[in-house]
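In the working numbering, the protein residues as written are 3 to 122. Glycine included, every Cβ here is placed at the ideal spot set by N, Cα and C. Just so we're clear, the structure is a prediction, and the values are computed from it rather than from any experiment. Down below is the structure, laid out as structure tokens.
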């Protein structure tokens, strides 16, 4: 109690793979001002197809660390996130309802000016 509470302004971003079904999903969200397009600010970045790697378990997994690092570098260079309380990464095929997220954050009453990670 008495500690400042974080605001609920949202900077949201999406990285999508050109020439993939993600393009149409992004366009549909934009057309309806949905997903990241309902946030206080947003950006869209291009990504690229990840390589796959075999593990000793016999399964194949995607190795996309380089893609994520590149996208986060683009977010940092754009700098918009600095003007908002929360930075939200959204996949093109995910459902984000910004107003519900704002309500959830407000109900949590998180302390201001602290790095907090929310896992969905």
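- Of the residues assessed, residue 98 falls on the buried side of the cut-off, its CB having 16 or more other CB atoms within 10 angstroms.
- Remark: three or more beta-carbon pairs, one from each stretch, lie closer than 8 Å, so the segment 24 to 36 and the segment 82 to 96 are flagged as touching.
- If you look at residue 67, you'll find it in the alpha helix (DSSP H) that goes 67 to 80.
- Per DSSP, reduced to three states, the secondary structure at residue 27 is helical.
- C-alpha of residue 90 to C-alpha of residue 9: approximately 14 Å in a straight line.
- Residue 106: member of the alpha helix (DSSP H) spanning 100 to 110, first to last residue.
- When the beta-carbon positions are compared, residue 45 and residue 86 stay at least 7 Å from each other.
- Contact check for residue 31 against residue 18 fails: the beta carbons are separated by 7 Å or more.
- Residue 13: member of the beta strand (DSSP E) spanning 12 to 18, first to last residue.
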